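The sequence shown begins at 1 in the UniProt record's numbering and counts up one residue at a time.
Have a look at the structure below before the remarks.
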Amino acid sequence: MSDDSVTLIEVGPRDGLQNEPGELPLAVKQQLVEDLADAGLTVIEAGSFVNPTWVPQMADSEALFAAIARRAGVRYTALTPNLRGFERALAAGADEVAVFAAASESFSQKNINCSIAESIERFRPVMAAAAEAGLPVRGYVSCVLGCPYEGALAPAAVARVTGDLLELGCYEVSLGDTIGVGTAGSMRALLTELLGAFAPAQLAVHCHDSYGQALANILAAVDLGIRRIDAAVAGLGGCPYAPGASGNVATEDVVYLLEGLGLATGIDLDRLIAAGEHISGFLGRPSGSKVARARRSA
Ligand code: HMG
Ligand code: MG
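The following block contains the structure:
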């Protein structure tokens, strides 16, 4: 990847729709994923193979992977919390999986029902099975700029879990500001610490926008060399185990920011806006993207 391009990882179908009350028809999810690929997204986190009693909204991930018309050059990815989840993802035809840990013990317990150390042990067989199947594994660390249960966390705690995930064999770690409390200042401080130990290419940022700081935090990350950014079309999202977490930063708004910086994304903004308006219309609310709203009223 060149220094003047950025890869966006679209997490709307997973991080966005996992938090929607009520059941969404499979055809709506399928359309969303296909629209996103048509708009130029090359990595789409389409679902998650977690315990369906924990996140019922993702219980149809097998059916979704079976339904989507795959576009060449697009990676369709999924969350897998354990070996059981990995086996489901593999059978469903996921191109890549992600394991997810946290920097905070309380969040780890609430979200995946185990300690941080136990989660790393739980990921070992996932990594082995993924290596055997030839699937890349991404790692997530949640609560990197604050935890809903423990408040602020030391960058060293984030660095420890990030290092553990990379050592396990994750090709990159996505740093989750799960409840969107970070600021450009705290993002800069965190990344400055992490970049003392890891290369920019090993890190991605995943900013929720609860406090309206996500774009500023992403700009801080881009300035420090980060070129992999998670976002959710229309700003969909939240985490059912993170009270107060709002949606992710809207992909449309990140594309607009990056284009303004002269950084290529390969995304057709108009098509992306249309995809976001379509899913927002179905959910019965305006798009959470400010760029989409501005374009509509222009
Ligand atoms: P557990 O209850 O401790 O699991 O959950 P267990 O191993 O004790 O098993 C209990 C039952 O669940 C068993 O069934 C298992 O078979 C079943 P039974 O024998 O009782 O009939 N089970 C499964 N079924 C289907 N698929 C599976 C699976 N695993 C176990 N994969 C577990 C532990 C991790 C599974 C659970 O806590 C869980 O599913 N958590 C997921 C929570 C989640 O999805 N949170 C949202 C995603 S993370 C996020 O949003 C943050 C992120 O966006 C970054 C950021 O913003 O920070 C990534
Ligand atoms: Mg998230």
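Glycine residues also receive a C-beta, built at the ideal position from the N, C-alpha and C atoms.
Predicted model, so just to flag it, every value in this text is computed and none were measured.
- Residue environment: R14 is assigned as buried (16 or more neighbouring CB atoms within 10 Å of its CB, all protein chains considered).
- In this structure, L79 has its beta carbon less than 7 angstroms from a heavy atom of ligand 1.
- In this structure, Y140 has its beta carbon less than 7 angstroms from a heavy atom of ligand 1.
- If you draw a straight line from the Cα of I120 to the Cα of V173, it is about 14 angstroms long.
- Relative to ligand 1, the beta carbon of V99 is positioned no closer than 7 angstroms to any heavy atom.
- S5 counts as exposed, since fewer than 16 other beta carbons sit within 10 angstroms of its beta carbon.
- At least one heavy atom of ligand 1 sits closer than 7 angstroms to the Cβ of P52.
- For the pair F198 and L165, the CB atoms are not nearer than the 8 angstroms cut-off.
- The alpha-carbon of A159 is positioned some 6 angstroms away from that of L194.
- If you check the C-beta of G85 against ligand 1, you find a heavy atom less than 7 angstroms away.
- Cβ atoms of D209 and G185 stay farther apart than 8 angstroms, at about 17 angstroms.
- Look at S115 here: in three-state DSSP terms it is coil, with no helix or strand label.
- Contact between the segment 108-126 and the segment 65-78 is absent: fewer than 3 CB-CB pairs across the two stretches fall below 8 angstroms.
- Taking a cut-off of 8 angstroms on C-beta distances, the segment 58-68 does not touch the segment 97-111, as fewer than three cross pairs fall below it.
- Fully contained in the segment 240-272 are the following alpha helix (DSSP H) runs of length 4 or more, in chain order: 251-260.
- For the pair Q31 and A232, the Cα-to-Cα distance works out to about 15 angstroms.
- When the Cα atoms are used, P148 and G180 turn out to be separated by approximately 10 angstroms.
- Beta-carbon to beta-carbon, I218 and L257 are separated by about 7 angstroms, close enough to satisfy the 8 angstroms threshold.
- Inclusion of N248 in the 7 angstroms shell around ligand 2 follows from its C-beta lying nearer than that to a non-hydrogen atom of the ligand.
- Assignment of beta-bridge partners to D38 by DSSP yields no partner.
- Taking C-beta separations shorter than 8 angstroms and ignoring five residues to either side along the sequence, the partners of A91 in its chain run E62, following chain order.
- Distance from the C-beta of G16 to the nearest heavy atom of ligand 2 is not below 7 angstroms.
- Shown here, I120 sits in a helix according to DSSP, grouped into three states.
- Unbroken beta strand (DSSP E) stretches of 3 residues or longer found wholly inside the segment 84-111: 96-102, given in chain order.
- Selection S289, G266, I279 and R293 evaluated against E20 yields I279 as nearest (Cα-Cα).
- Exclusion of the five residues before and after L17 leaves L24, K29, Q57 and L236 as the residues of its chain whose Cβ lies within less than 7 angstroms of its Cβ.
- With a threshold of 16 other beta carbon atoms within 10 Å, E10 meets it and is buried.
- For V291, the CB contacts under 8 angstroms within the same chain, skipping 5 residues up- and downstream, are A250, E252, D253, V255, Y256, L269 and I273 in chain order.
- Each of L8, R296, V161 and M187 was checked against the Cα of A39, and the nearest Cα belongs to L8.
- The alpha carbon of C143 has as its nearest neighbour, out of L175, F123, A129 and P136, the alpha carbon of L175.
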